[in-house]
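Chemist: First to last, the sequence lines map onto chains A, B, C and D.
33 is the number of the first residue of the first sequence in the working numbering; add one for each residue after it.
33 is the number of the first residue of the second sequence in the working numbering; add one for each residue after it.
32 is the number of the first residue of the third sequence in the working numbering; add one for each residue after it.
32 is the number of the first residue of the fourth sequence in the working numbering; add one for each residue after it.
Provided herewith is a single structure, encoded as structure tokens, for subsequent inquiry.
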Amino acid sequence: MISPSDLNTLNHNRAATGKVERIEDVVIRLAGNSQDGIQTVGSFLARLAGRSDQDVMTYMTIPSTIAGGPSIYQVRMGSGEVLSAGDEADFLIAFYQHSYEEHIIALREGGVLVYDTEYVQPNLDDRRFVYVGVPITGLTIEAMGGTAKDKGKNIFVLGLIARIFNLNVEKLHDLLRERLESKGEGVLRNAMVAFDTGFAFPVDNVIDRYYQFDPTTSDRDKSQVTMDGNLALTLGLIAGGVRCGAGYPITPWSPIMETLRKELPKYGGVFVQAEDELAAVSLALGFSYAGRLAVTGSAGPGISLKMEALGWAVMAEVPLIVVNVQRGGPSTGLPTNVEQSDLMQAIYGSHGDTPRIVLAPKDVEDCFFIAIEAARIARDYSIPVIILSDQALATRIEVFEEPNLKDLMLDPDPDLSDRPADYVPYPLERRTRHAPPGSFIEGGNYPVVTGLEHDEAGHPTANPKLHMQMTARRREKLKRLAEEIPLPEVTGSQHGDILFVGWGSTWGPLQEAVHRARSKGQEFGHLHLRYLHPLPEGLQTIFSRFRQIFVVEMNDEGLYGYGQLAGILRARTCNPAIRSITKTDGLTFKVREILEGANRLRGDAVSTFSAYPY
Amino acid sequence: MISPSDLNTLNHNRAATGKVERIEDVVIRLAGNSQDGIQTVGSFLARLAGRSDQDVMTYMTIPSTIAGGPSIYQVRMGSGEVLSAGDEADFLIAFYQHSYEEHIIALREGGVLVYDTEYVQPNLDDRRFVYVGVPITGLTIEAMGGTAKDKGKNIFVLGLIARIFNLNVEKLHDLLRERLESKGEGVLRNAMVAFDTGFAFPVDNVIDRYYQFDPTTSDRDKSQVTMDGNLALTLGLIAGGVRCGAGYPITPWSPIMETLRKELPKYGGVFVQAEDELAAVSLALGFSYAGRLAVTGSAGPGISLKMEALGWAVMAEVPLIVVNVQRGGPSTGLPTNVEQSDLMQAIYGSHGDTPRIVLAPKDVEDCFFIAIEAARIARDYSIPVIILSDQALATRIEVFEEPNLKDLMLDPDPDLSDRPADYVPYPLERRTRHAPPGSFIEGGNYPVVTGLEHDEAGHPTANPKLHMQMTARRREKLKRLAEEIPLPEVTGSQHGDILFVGWGSTWGPLQEAVHRARSKGQEFGHLHLRYLHPLPEGLQTIFSRFRQIFVVEMNDEGLYGYGQLAGILRARTCNPAIRSITKTDGLTFKVREILEGANRLRGDAVSTFSAYPY
Amino acid sequence: MPSTTDSPVAESEPKREKLTRNMLKADRPTWCPGCGDFAVLAAYYRVLEKLQIPHEKIVTVAGIGCSSRFPYFVKTHGSHFIHGRAVPFASGVSLGRPDLRVFVFGGDGDGFSIGGNHLDHGARKNFNLTYVIMDNFVYGLTKAQTSPTSPLGFRSKTDPSGAVDQPINPMKKLVTSGATFIARSHASQVKHMMEMYERAIAHDGFSVIEILSECVEFYAGAFDASIPRKGGTFELIEEKKGDGSPEDEHRHDVCNELEAYRLADLPWPGIFGVFYEERRPTKNVLEAELIGKARLRHNGSTDYDLLKATLNHLK
Amino acid sequence: MPSTTDSPVAESEPKREKLTRNMLKADRPTWCPGCGDFAVLAAYYRVLEKLQIPHEKIVTVAGIGCSSRFPYFVKTHGSHFIHGRAVPFASGVSLGRPDLRVFVFGGDGDGFSIGGNHLDHGARKNFNLTYVIMDNFVYGLTKAQTSPTSPLGFRSKTDPSGAVDQPINPMKKLVTSGATFIARSHASQVKHMMEMYERAIAHDGFSVIEILSECVEFYAGAFDASIPRKGGTFELIEEKKGDGSPEDEHRHDVCNELEAYRLADLPWPGIFGVFYEERRPTKNVLEAELIGKARLRHNGSTDYDLLKATLNHLK
Ligand SMILES: Cc1ncc(C[n+]2csc(CCOP(=O)(O)OP(=O)(O)O)c2C)c(N)n1
Ligand SMILES: Cc1ncc(C[n+]2csc(CCOP(=O)(O)OP(=O)(O)O)c2C)c(N)n1
Ligand code: SF4
Ligand code: SF4
Ligand SMILES: [Mg+2]
Ligand SMILES: [Mg+2]
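If you want it as structure tokens, here you go:
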């Protein structure tokens, strides 16, 4: 039944019905409480997109109170490539007054506010938006016979959206069935009812059009998979032949260890929840030493606790994968926000000269592939590899082409073949190839794998020359890798005014920023660094092709005015054109913020320092 | 009695007796086993120098086996300023064959080998050296009536040296008395006998001269103190008002905690040996939070374990002093060797953006003063301060002018005064001044000191703006300090060809290197950085006065060819003239090595990268 | 630690109004409605009000966890430290400032998993503080992983098919640790909690109370077996009265360690009250004695005198 | 960990000569002459020789300390890990490779101080390995600091006027930890050490032996009270024979935890032998079961099939 208040809104901007508008993409923000299951709506839409020919990206916030509370879920769907969750929303669906008040600013001018007439009273005088009042709660309860109270509002809204955007109802019905069957007949039936009621709501009385996505531009003959970054990374590890691991819970890393704990036994593997992060990394190193490449991981606080053991892995040359799902720091910081402030620690956090590998994935799909790459490098170079993901990447859902497992999967088994009598663990002239326990060694000179400085056989030594040589050995491995990794490509302008340099999840917004700038005729290029330590070669040459180089990172500008990667690149190239666009507000970069940053900086003269003579 | 073999050597290069040669300084290397108490000889000589008008520096090695074994103790005494323990020895005193064989290379051409005829058979055909065979063991046993076996050889040698260098016998007798009285009559008497026997040995039959130190150049009206770097740092902490601390044993940090454990109770303080380094830093932060500025410390492995808690101190803005006595890394590495490879960790080792202070002392005296400076900064800025000492500095003995305590000592008591009702722990516009528990707050709004991101009152928040503001607050503190600290002075040439930049204990050798180079008419300058984070301002200007800048550090050249400080300075200034002279052989820099490094580099063109247009 | 004479404390002795519950209430707790921790908090307010401990001398410390958010909900000097290290942190506070009354609050993960070793060593050293462990048999804040007290078979995100690792027995661990006051209570028994609080506070030394506090979100019903109105039994330890009566024979002697260990072994839901209490010099006292002795040796000398003398020794 | 069928082990089954003591001797120990650790090492050689465990399957792991230098002195696969973390490291080795025979050696500081928590959790999880703690009541490698087992009054570099903190009781800690085999021996009793070694190795699960091993350098004479030829007493635990004889009544039942705890409380120098033994599924077995179940559900499917199926689910 429809309340008077609705009538008002229904009357206000009534319109010619049924017109269909073709759109390329749309940003829908659902704002409610974490208990309303708006995540579910989001993931259904994402999953649908994966099965249709749309691309999709989602973005969510997690309530800071334990009891749960206000949270949002933003979905961006499009027929082209979706690179970011979108700066502004085209549609805002507000469940409560606080949702409306807090998020109306996120709605673009001319955008549509869909609100629950039960709880929300929008300021209708604000003419910037289109108002669609829907008795979401009322109709849901009615439809489901009051029994389930207002549970199901989310599915109702899903139906509503399906109607507005002409989404594929069969596929959505299928999805509902697949996901809810297990939960029992009743649940599924209720959901279907809620969905259909939402779909049946005559929204066309209120807005003057329906929407229809363009036929996709990207070719989608291959089948798509839909998942968040944490899951992609987890599956990548399995594909990379990682069968063992240990960890300790912490947001936002926990889902990775939880999935591994559930999945690995199928593969004859094991994951241990340790008593703390120190035990976790030690267990993982035990697995790896025993020939079974292992993973450990955490977020900031837990990663800091692993620094000593990581140094051992470098010294003993034992492979290991360490996942750091970065969150807001320092200390306990902002556990449910995003930041990229752990880069320097990843490279330099342990005492002594401890060369190790640092990689960062650019999007959800890359989470999968980088995990495999990490596993490959860890084995080939007998070295710990740190993967720097982040909270935003970990929790957002994307669609990507199903990876071709046949070509990708790596062999998990240790090499237990016999070793000759002259076997040594740390040969000066060759790379370390450990003989895991269980492998027979002619003559019985079994090696000790050690964290003390050592000679080729692993015996402790303080011999000055040997320490120099072994230090060089550990360093040179990374130089070899640097030669092996591909020279990164510049997208957008190949030379000219401004080069954006980024790493990790800033990739999407940066791509979009460059597109936008170039569409305005500006000479902008984008260099994304997937390998952060060692850096690929030839950066100097790339940099020299641009007048200014802006490194874009979600971390602090630091004491001297540049972020963490920027500092590394300045040291590496001594190119004073390298400057920083940084922020630490706990949120992903908006395309607008990046372009504003560039405009702010480009004016300034490039700071440089005259060399001798003075 | 004198054995035939001695007669040979006595005959071989016999000489006119008694001639006295004036010398400016001498390097004596005692080589024996750690059990022979050669350290004692060294410290007696050092102490004597402190009481006479000589300057002194010692250098020792610690046997790597637990059981003890071969070790050396090198003493350099001079009437001028002694800056390093010396590249080569003028005198080598060898107790055993292995001592002779291993250390003869350390003796300069024309140098004197004094050896125990009981155990050593030198190669007399090698005409580069002067051979003085002394039946050290025989005469000692004889003199002491065989009872004490060969214990006392070290004191015998002390007497021998006193004779050769015309040292002040009264003062030495006094020293023996002071140090040994407590050990009982017998011990003292034996020592005196051994000393006098050594002194009485007619060494003038063998070498053609005695030596006499020049009257000192440095004015020594003030009284001198003699100690090693660890002790100096410990006493500096006490002078700085540090009354509480916690730690866990590790070489070479242990002596600091052992002395504090012994000394602090006198001052109403306490030092706790914790169960591990995590507990140690936590206890220390508890002391500091409670208003009693505390110290914790360790070496590499233990420092790595403190990284998480250190991040909390930065976030919660709680003062703390952390001492890192650096040793060879990575991992357990080389526990008894020196290295400067923990600089990057000190600055960047914790997750997130964690600005904190990093200082390094240049010599033993500076260990005392830098500890006081650290205590001042920690309090004024409510921040953790890391002091980077090293194994060489920690264990070597130096003489320096007695500090004027009256002007130096800082007040240890917490400020428990009442606070007004509007008190907040984290004011955006002011620096944090914590109200330690026990201080009364009008209105009773007692604060929570926290590691979560927070508002001014300390309440947790994920507000984007606040995280930006608080991050800036924590960063700006360091910028203020950078403005406050003195611009470092360049010693040697003020502009010209080469500027050496160093930090920590490389100061001495670098000073000497610059002297030596300039005496050859070269334009060499030396810039020593005592404050490593934040860096002092105006470095660019200094650098621009030199054609080439060589940063000299005891760490690895790294992936890109420069050491840790060099990387920081390159990032800071983008000055491609900055390059590195590094080594990781676990030993302090020899002056020769530095100058050779400079010669190797100066030839190369300065590597630089052309900016746009390409 | 500084003998009260030269203790920094002396300085402030402020004019003080009577301490009331309301003066102690701070931010609205962010706990889920129905969480057991609310009751633990309420009891804390009431005890502090009852004992009238000087407001500014109360320190509330915690690590990380739902339960560890405690300090934000109490208006006292407080510190929210890092996960698992609250005990050594609080030990520093106590040892550095014997004039303060130090409380630590935390969860089973914080205290028995990552913090387990600090608990043992803090206990044997007998720092003077009171430690309240809010045990909910699960990791709450991180949303439902297995904790060291989760029973076998408990389904969590890290044990989807049920926990397989033998849990620890908190009371056994505490008895062995050397803690000098050990009690067990229940969040649904406010009177009992208050009694335990009071006795723990009265005790001079390392006093620990394990309080079963239900996580309604991730382990609802965990403690029903110990809640009478849910058909459970809440059995109390009968302590010796020393009245020489025959019944007294069978009552529990809180000084008997072996007996305490036996009680700890009783089948679930076990028994509640004081398991063990022992008088042993606290770390605070032991260090104060070292200070006293040292002071005596150099009586009257100022810090300057002492340091000067040391330098003279090095000439 | 792979069920033995598809275990990596299967691969290598090398032609092997008889294992002898000499094949096990490696670098000359760097210990001080007279150090108790020599005897512990000798006994290890002899037991391995006696039991003829395949040479390449033996893994010798240690943390940091004098005692922890052990792996360098034994020619087996070995690892010298970091201070205090040898137990979790070795647990990974054992769990990842059930075909191996994993030994951990370390000191009292390594095991009870920094490593105390890992010991407890490794024990309750019951990883299948043998842990030998060479207890010398002092920190040897770092040269004479107080250890958690140093008795009250012991003068060390960190307690110049004598230790003030109550030491831990290793046997009590072990009984509480949940270790499934717990024994106490003495470096001066090679026969007894060997017997304990053998029973520990025979035991399936987390087996621990505390061996009193004198540090002649920094705590000479520490254990004289337990050395008969020095006038001390070396009393052995008499275990139940189950022969129904009256004497048997008074013998020790190694399955009785409370009794074990009581024995642990005997006055110094206490008693030696097996305090406790319990049959409980090892972590290795528990995880193997999880694997078995999971495998059954997806029987026959290859890793590729499994991952492919998961991806299909995500379409
Ligand atoms: C070093 C570190 N590791 C992990 C975490 C994540 N974390 C926060 S609370 C917690 C455990 C919570 O369980 P418990 O201590 O029982 O408290 P509860 O929430 O159940 O009250 C964990 C693992 C962290 N904050 N820091
Ligand atoms: C993280 C870390 N902290 C401290 C040390 C220094 N350290 C090495 S061994 C040791 C303790 C030695 O005592 P124990 O474990 O009893 O072995 P012991 O030498 O007595 O056999 C310590 C503190 C270290 N290597 N690493
Ligand atoms: S999650 Fe559990 S423990 Fe945490 S607040 Fe909610 S109910 Fe309490
Ligand atoms: S110091 Fe002690 S423990 Fe270490 S080797 Fe020497 S005697 Fe053995
Ligand atoms: Mg809990
Ligand atoms: Mg020991």
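Glycine residues also receive a C-beta, built at the ideal position from the N, C-alpha and C atoms.
Let me check understanding here. Comparing Cα to Cα, which of B/His491, B/Thr328, B/Glu213 lies closest to B/Val313?
Modeler: Taking the second sequence and counting its residues from 1, one reaches residue 313 of chain B at position 281. When only C-alpha atoms are compared, the closest one is B/Thr328.
Chemist: For D/Asp334, name the three-state secondary structure that DSSP assigns.
Modeler: In the fourth sequence, residue 334 of chain D corresponds to position 303, counting from 1. Three-state DSSP puts D/Asp334 in a helix.
Chemist: With a threshold of 9 Å between beta carbons, is D/Lys188 in contact with chain B?
Modeler: Against the fourth sequence, residue 188 of chain D aligns to sequence position 157. Cβ-Cβ to chain B under 9 Å: yes for D/Lys188.
Chemist: Quick one, what's near ligand 3 if you take every residue whose CB is closer than 5 Å to any heavy atom, in chain order?
Modeler: Residues flagged by the Cβ proximity filter: A/Ile98, C/Trp62, C/Cys63, C/Cys66, C/Cys97, C/Gly171, C/Cys246, C/Val247, C/Glu248.
Chemist: What does A/Ala316 reach in chain C if we use C-beta pairs closer than 8 Å?
Modeler: Here residue 316 of chain A is taken as the residue at index 284 of the first sequence, counted from 1. Ordered by position in chain C, no residue passes the 8 Å Cβ test against A/Ala316, which lies about 15 Å from the chain.
Chemist: Whole angstroms are fine: how far does the CA of B/Val355 sit from the CA of B/Asp443?
Modeler: Walking along the second sequence from the start, residue 443 of chain B turns up at place 411. Walking along the second sequence from the start, residue 355 of chain B turns up at place 323. Taking the straight line from one Cα to the other gives about 20 Å.
Chemist: Counting Cβ pairs, one atom from each stretch, are 3 or more of them under 8 Å apart for the region 253 to 270 of chain D and the region 299 to 311 of chain D?
Modeler: As far as the Cβ criterion goes, the region 253 to 270 of chain D touches the region 299 to 311 of chain D, which means the pair count is three or higher.
Chemist: For ligand 6, any of its heavy atoms closer than 8 Å to the Cβ of B/Asn200?
Modeler: Counting from 1 along the second sequence, the entry for residue 200 of chain B is found at position 168. No; taking the cut-off as 8 Å, the Cβ of B/Asn200 has no heavy atom of ligand 6 nearer than that.
Chemist: Shorter than 9 Å from the beta carbon of A/Asp228 to some beta carbon of chain C?
Modeler: Locating residue 228 of chain A in the first sequence gives position 196, where the first residue counts as 1. Closer than 9 Å: no.
Chemist: Extract the residue ranges of the alpha helix (DSSP H) inside the region 226 to 298 of chain D, only unbroken runs of 4 or more that lie entirely within it.
Modeler: Runs found: 277 to 281, 288 to 295.
Chemist: Out of B/Ser373, B/Pro566, B/His486, which one is the CA nearest neighbour of B/Lys511?
Modeler: As a working note, residue 511 of chain B is residue 479 in the second sequence. Comparing Cα positions, the closest option is B/Pro566.
Chemist: Which residues, in order along the region 183 to 210 of chain C, keep a beta-carbon less than 7 Å from a beta-carbon of chain A?
Modeler: Cβ contacts with chain A come from Lys188, Thr189, Pro191.
Chemist: Tell me, which residues are paired with B/Glu430 by DSSP?
Modeler: As a first step, residue 430 of chain B is located in the second sequence; it is residue number 398 there, counting from the start. Note: B/Glu430 sits in a beta bridge opposite B/Met89, B/Met259.
Chemist: Less than 7 Å between C-beta atoms, sequence neighbours within five positions excluded: which residues of the same chain meet that for B/Gly101?
Modeler: What you label residue 101 of chain B is simply residue 69 of the second sequence in a count that begins at 1. Excluding residues within five positions, the ones whose Cβ falls inside 7 Å are Asn65, Ser66, Pro95.
Chemist: Identify whether C/Thr110 lies in helix, strand or coil by the three-state DSSP scheme.
Modeler: Position 79 of the third sequence holds residue 110 of chain C. For the sequence presented, residue 110 of chain C should be read as Ser rather than Thr. Residue state, collapsed to three classes: strand.
Chemist: Between A/Arg209, A/Tyr163, A/Thr386, which lies nearest to A/Ala647 when the distance is taken from Cα to Cα?
Modeler: For residue 647 of chain A there is no data in the structure shown, the boundaries of chain A being 33 and 646.
Chemist: Taking A/Pro446 and A/Pro479 to be in contact with their CB atoms under 8 Å, please state how far apart those CB atoms are, rounded to whole angstroms.
Modeler: Here residue 446 of chain A refers to the residue found at position 414 of the first sequence. Here residue 479 of chain A refers to the residue found at position 447 of the first sequence. Not a contact, Cβ separation roughly 15 Å.
Chemist: Give the interface partners of B/Met500 over in chain A, defined as CB-CB distance under 8 Å, in chain order.
Modeler: Counting from 1 along the second sequence, the entry for residue 500 of chain B is found at position 468. In chain order: Lys615, Thr616, Asp617.
Chemist: Is it right to say B/Lys497 is buried, meaning 16 or more other beta carbons lie within 10 angstroms of its own, or is it exposed?
Modeler: Working through the second sequence from its first residue, we reach residue 497 of chain B at position 465. The residue is exposed, with fewer than 16 neighbouring Cβ atoms inside 10 Å.
Chemist: Closest Cβ-Cβ distance between A/Pro333 and chain C: below 9 Å?
Modeler: Numbered from its first residue, the first sequence carries residue 333 of chain A at position 301. Judged by the 9 Å Cβ criterion, A/Pro333 is in contact with chain C.
Chemist: Would you say C/Ser178 touches ligand 5, meaning its beta carbon is less than 8 Å from a heavy atom?
Modeler: Here residue 178 of chain C corresponds to residue number 147 of the third sequence, with the count starting at 1. Under cutoff, so the answer is yes.
Chemist: What separation, rounded to the nearest whole angstrom, lies between the Cα atoms of B/Ile626 and A/Glu555?
Modeler: Here the question's residue 626 of chain B lines up with position 594 in the second sequence. Here the question's residue 555 of chain A lines up with position 523 in the first sequence. Those two C-alpha atoms are separated by around 47 Å.
Chemist: Tell me the residue span of the beta strand (DSSP E) that contains D/Arg132.
Modeler: As a first step, residue 132 of chain D is located in the fourth sequence; it is residue number 101 there, counting from the start. Looking at the DSSP string, the run of the beta strand (DSSP E) that includes D/Arg132 is 132 to 138.
Chemist: For the candidate residues A/Leu325, A/Phe197, A/Gly334, A/Leu342, whose alpha-carbon lies nearest to that of A/Trp285?
Modeler: Looking up residue 285 of chain A in the first sequence gives position 253. The shortest C-alpha separation from A/Trp285 is found at A/Gly334.
Chemist: Smallest Cα separation from C/Asp16: which of B/Gly490, B/Asp422, B/Gly528, B/Leu519?
Modeler: Any property of residue 16 of chain C remains undetermined from this structure, which presents chain C solely from 32 to 346.
Chemist: Classify A/Ser75 as helix, strand or coil using the three-state DSSP reduction.
Modeler: Locating residue 75 of chain A in the first sequence gives position 43, counting from the first residue. Looking at A/Ser75 - three-state DSSP - the assignment turns out to be helix.
Chemist: Report buried or exposed for A/His153, applying the criterion of at least 16 other Cβ atoms within 10 angstroms of its Cβ.
Modeler: As a first step, residue 153 of chain A is located in the first sequence; it is residue number 121 there, counting from the start. First, the amino acid is wrong: residue 153 of chain A is Gln here, not His. With fewer than 16 other Cβ atoms within 10 Å, it is exposed.
Chemist: If you draw a straight line from the alpha carbon of A/Glu488 to that of D/Leu50, how long is it in whole angstroms?
Modeler: On the first sequence, residue 488 of chain A is found 456 positions in, with the first residue counted as 1. On the fourth sequence, residue 50 of chain D is found 19 positions in, with the first residue counted as 1. Their Cα atoms are separated by approximately 25 Å.
Chemist: Buried or exposed for C/Ile95, going by 16 or more other Cβ atoms inside 10 Å?
Modeler: Here the question's residue 95 of chain C lines up with position 64 in the third sequence. Under this definition C/Ile95 is a buried residue.
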